[in-house]
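Peer 1: Heads up: the sequence shown begins at 26 in my numbering, then just goes up one per residue. For each residue, glycine too, the CB sits at the ideal point set by N, CA and C. Please read all numbers here as calculations on a predicted model, not as lab measurements.
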Amino acid sequence: MIDHLKTTKRPLPPDRIIRREEELLSFIDTPKEEWSSTLQRYNKLREIEYKEVIEVTKFIEKQTPFATQHSVKGAEFENVLVVLGGGWNHYKWPQLLELLETKKLTKANTKGFL
26 MIDHLKTTKR PLPPDRIIRR EEELLSFIDT PKEEWSSTLQ RYNKLREIEY KEVIEVTKFI
86 EKQTPFATQH SVKGAEFENV LVVLGGGWNH YKWPQLLELL ETKKLTKANT KGFL
């Protein structure tokens, strides 16, 4: 997307983007490990496909059937999909799954899960 904006100049990319692009070009022959963390993040951001940006924008603006609901019992939702994220370390998912599998759930050991 940034390449398209740079080429068409419609609209002109902000000065910050142009400066970051120039910095990226100046480091193109340098191993990425030697880049600043800011430049590494910017480079990763450039690799995100435009359609993903559109989809996350739809999600943020509540233009999608998907939502993140915390502390909801589920009574208002007929169909619920639960996604357990490995990056969310507030819960011990392996422990919960084991308790579910062995049917050893108790009020004491599900505190924080249910």
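#1: For the alpha helix (DSSP H) holding S61, just list the boundary residues, first then last.
#2: Can you round the beta-carbon distance between I27 and E46 to whole angstroms, since I take them to be within the 8 Å contact cut?
#3: Counting along the chain, where does the alpha helix (DSSP H) carrying H29 start and finish?
#4: List in chain order: all unbroken alpha helix (DSSP H) runs of 4+ residues lying wholly within the stretch 37-123.
#5: Once DSSP output is grouped into helix, strand and coil, what is the label at L125?
#6: What does the alpha-carbon distance come out to for the pair E86 and E48?
#7: F84 and F91 look like a contact to me (Cβ under 8 Å); what is the Cβ gap, rounded to whole Å?
#8: Of the choices K117, V81, Y67, whose alpha-carbon is the least far from that of R44?
Peer 2: Taking the geometry as given:
#1: Taking the sequence shown and counting its residues from 1, one reaches residue 61 at position 36. DSSP places S61 in no alpha helix (DSSP H); its state is neither H nor E.
#2: For the purposes of this step, residue 27 is taken as the residue at position 2 of the sequence shown. For the purposes of this step, residue 46 is taken as the residue at position 21 of the sequence shown. Indeed they touch by this definition, with Cβ atoms about 7 Å apart.
#3: Residue mapping note: residue 29 aligns to position 4 of the sequence shown, counting from 1. Note, H29: alpha helix (DSSP H), 27-33.
#4: 40-51, 62-71, 75-85
#5: Taking the first residue of the sequence shown as position 1, residue 125 is located at position 100. Helix.
#6: Reading the sequence shown from its first residue, position 61 is the one you call residue 86. Reading the sequence shown from its first residue, position 23 is the one you call residue 48. Cα to Cα, E86 sits roughly 32 Å from E48.
#7: Residue numbering aside, residue 84 sits at position 59 when the sequence shown is read from its first letter. Residue numbering aside, residue 91 sits at position 66 when the sequence shown is read from its first letter. For a cut-off of 8 Å, the C-beta gap from F84 to F91 is around 6 Å, short enough to register as a contact.
#8: Your numbering for residue 44 matches position 19 in the sequence shown. When only C-alpha atoms are compared, the closest one is Y67.
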